[in-house]
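Asker: Take a look at this one; I'll ask things after.
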Amino acid sequence: MTQRTPSGLFISFEGIDGAGKSTHIAAVADWFRARGRRVTLTREPGGTPLAEKLRELLLHDAMDPLSEALLMFAARRDHVLQVIQPALARGEVLLCDRFTDATFAYQGYGRGFDLQVLGQLEQWVQQQPGQDRLLEPERCFWFDLPPAIAAARLVGARQPDKFEAEAEPFFQRVASGYAARAAQSPQRFARIDASQSLEQVREQVLRHCEQFWGPA
Ligand SMILES: Nc1ncnc2c1ncn2[C@@H]1O[C@H](COP(=O)(O)OP(=O)(O)O)[C@@H](O)[C@H]1O
Ligand SMILES: Cc1cn([C@H]2C[C@H](O)[C@@H](COP(=O)(O)OP(=O)(O)O)O2)c(=O)[nH]c1=O
8 MTQRTPSGLF ISFEGIDGAG KSTHIAAVAD WFRARGRRVT LTREPGGTPL AEKLRELLLH
68 DAMDPLSEAL LMFAARRDHV LQVIQPALAR GEVLLCDRFT DATFAYQGYG RGFDLQVLGQ
128 LEQWVQQQPG QDRLLEPERC FWFDLPPAIA AARLVGARQP DKFEAEAEPF FQRVASGYAA
188 RAAQSPQRFA RIDASQSLEQ VREQVLRHCE QFWGPA
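Number 90 in my numbering belongs to position 83 of the sequence shown; there are no gaps in the numbering.
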């Protein structure tokens with residue numbers, strides 16, 4: 008008997024810098040692997056050789072908001088074609104550390120760049136041949152944390168890049184961007200109270216996994 012290939016599952020992880028998403032992606036990967044699923048772990052900007060080169064520019068070089076938005080989407084286009092679509096077509100679970108919600112939150116709300124232009128770029132980059140729906144994560148884990156706590160966690164944790172070096176008002180705007188995106192698509196966002204302890208945050212994340220993808 009031939010085994011049916013499971014449907015690919017696209018899941019993203021979002022939040023302001025220092026919210027704890029990178030810490031918890033591995034737990035989700037383990038949760039799926041323990042249930043026999045193949046997992047691809049990837050990140051944005053990045054995930055392909057070309058997109059990782061663009062990441063270096065984006066995280067370290069000053070540029071105007073339009074250039075920043077275009078480079079984010081250029082990196083994303085390569086990532087979608089080379090990694091995301093092929094993994095989903097193979098029936099894998101694709102866990103992505105940030106995706107387009109980050110562009111709306113950082114470039115849109117953080118930098119004040121035109122949200123409609125971002126929406127147009129999203130249409131171009133995430134169109135799926137022969138389908139009406141854009142390619143987007145079916146579930147987004149949103150690590151929600153007050154910027155002051157995130158900043159305190161990042162002190163001494165790592166050398167700040169261009170975004171992490173921004174002051175608190177920037178992150179207040181980014182955080183409000185994530186809240187606005189979550190309010191627009193409540194079925195897609197799983198809000199995690201990231202102010203809790205590491206263990207409690209992990210429990211929240213795994214509880215969501217059980218709820219969404221556990222046995223019915
Ligand atoms: N719930 C938590 N409580 C305390 N510290 C945390 C918690 N979650 C993450 N951290 C720490 O905060 C820092 C930022 O976490 P990280 O996962 O890298 O954030 P992000 O990927 O969202 O930028 C790391 O030093 C990490 O160990
Ligand atoms: C994907 C994406 C990331 N970013 C920013 C957010 C982060 O500050 C930075 C890199 O993200 P991230 O990989 O989360 O940083 P780190 O590895 O330091 O935790 O890029 C945008 O501004 N727009 C985007 O579309």
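Idealized CB from N, CA, C, for every residue including glycine.
Please state whether the Cβ-Cβ distance between D139 and S19 is less than 9 Å.
Answerer: Translated into positions along the sequence shown, residue 139 becomes position 132. Translated into positions along the sequence shown, residue 19 becomes position 12. No, Cβ-Cβ distance for D139 and S19 is not below 9 Å.
Asker: Can you list, in chain order, the residues of its chain whose CB lies under 7 Å from that of K169, leaving out five sequence neighbours each side?
Answerer: Here residue 169 corresponds to residue number 162 of the sequence shown, with the count starting at 1. Within the same chain, K169 has close Cβ partners L66 and H67.
Asker: On the three-state DSSP scale, how would you describe D68?
Answerer: The residue labelled residue 68 in the question sits at position 61 within the sequence shown. In the structure shown, D68 sits in coil (DSSP, three-state: anything other than H, G, I, E or B).
Asker: Determine contact between the region 97-111 and the region 51-65, defined as no fewer than three beta-carbon pairs at a distance below 8 Å.
Answerer: The answer is yes - the region 51-65 touches the region 97-111, with three or more Cβ pairs under 8 Å.
Asker: Out of curiosity, what's the CA-to-CA distance linking A223 and P72?
Answerer: Residue numbering aside, residue 223 sits at position 216 when the sequence shown is read from its first letter. Residue numbering aside, residue 72 sits at position 65 when the sequence shown is read from its first letter. Approximately 45 Å between the Cα atoms of the pair.
Asker: Name the two residues that bound the continuous alpha helix (DSSP H) containing E21.
Answerer: Within the sequence shown, the letter at position 14 stands for residue 21. It is not in any alpha helix (DSSP H) - E21 instead sits in the beta strand (DSSP E) that spans L16 to G22.
Asker: In its own chain, which residues sit with a C-beta less than 7 Å from the C-beta of T12, not counting the 5 before and 5 after it?
Answerer: Counting from one through the sequence shown, the residue named residue 12 turns up at place 5. Correct list, in chain order: G98.
Asker: If you drop the 5 nearest sequence neighbours on each side, which residues of the same chain put their C-beta closer than 7 Å to that of V212?
Answerer: Here residue 212 refers to the residue found at position 205 when the sequence shown is read from its first residue. For V212, where only same-chain residues beyond five positions count, the Cβ hits under 7 Å are H31, A34, V35, F148 and I199.
Asker: Check whether the Cβ of Q203 lies closer than 8 Å to any heavy atom of ligand 1, and answer yes or no.
Answerer: Along the sequence shown, one-based indexing puts residue 203 at 196. Yes, the beta carbon of Q203 sits closer than 8 Å to at least one heavy atom of ligand 1.
Asker: Roughly how many whole angstroms lie between the Cα atoms of A186 and T110?
Answerer: Position 179 of the sequence shown, counted from the start, is the residue given in the question as residue 186. Position 103 of the sequence shown, counted from the start, is the residue given in the question as residue 110. About 14 Å.
Asker: Just jot down, in chain order, the residues whose CB lies closer than 5 Å to any heavy atom of ligand 1.
Answerer: Those residues, listed in chain order, are D24, G25, A26, G27, K28, S29, T30, R160, A164, L205 and V208.
Asker: Rounded to whole angstroms, what's the CA-CA distance from R42 to S192? Just pull it up for me.
Answerer: Here residue 42 is taken as the residue at index 35 of the sequence shown, counted from 1. Here residue 192 is taken as the residue at index 185 of the sequence shown, counted from 1. Each residue's alpha carbon lies about 28 Å from the other.
Asker: Using a Cβ-based criterion (distance less than 8 Å to any ligand heavy atom), does E171 qualify as near ligand 2?
Answerer: Position 164 of the sequence shown holds residue 171. Checking the Cβ of E171 against ligand 2 gives yes.
Asker: Would A182 and P153 qualify as a contact pair, given that the criterion is a beta-carbon distance under 9 Å?
Answerer: What you label residue 182 is simply residue 175 of the sequence shown in a count that begins at 1. What you label residue 153 is simply residue 146 of the sequence shown in a count that begins at 1. A contact, by the Cβ cut-off of 9 Å.
Asker: Would you call G126 buried or exposed, if buried means 16 or more other Cβ atoms sit within 10 Å of its Cβ?
Answerer: As a working mapping, residue 126 is identified with position 119 in the sequence shown. Answer is exposed; the Cβ neighbour count stays below 16.
Asker: A172 to R62, Cα distance in whole Å?
Answerer: Within the sequence shown, residue 172 is the residue found at index 165, counting from 1. Within the sequence shown, residue 62 is the residue found at index 55, counting from 1. The straight-line gap from Cα to Cα measures roughly 16 Å.
Asker: What do you reckon, is the C-beta of Q114 under 8 Å from a heavy atom of ligand 2?
Answerer: Start at 1 with the first residue of the sequence shown, and residue 114 comes out as number 107. For ligand 2, at least one heavy atom lies less than 8 Å from the Cβ of Q114.
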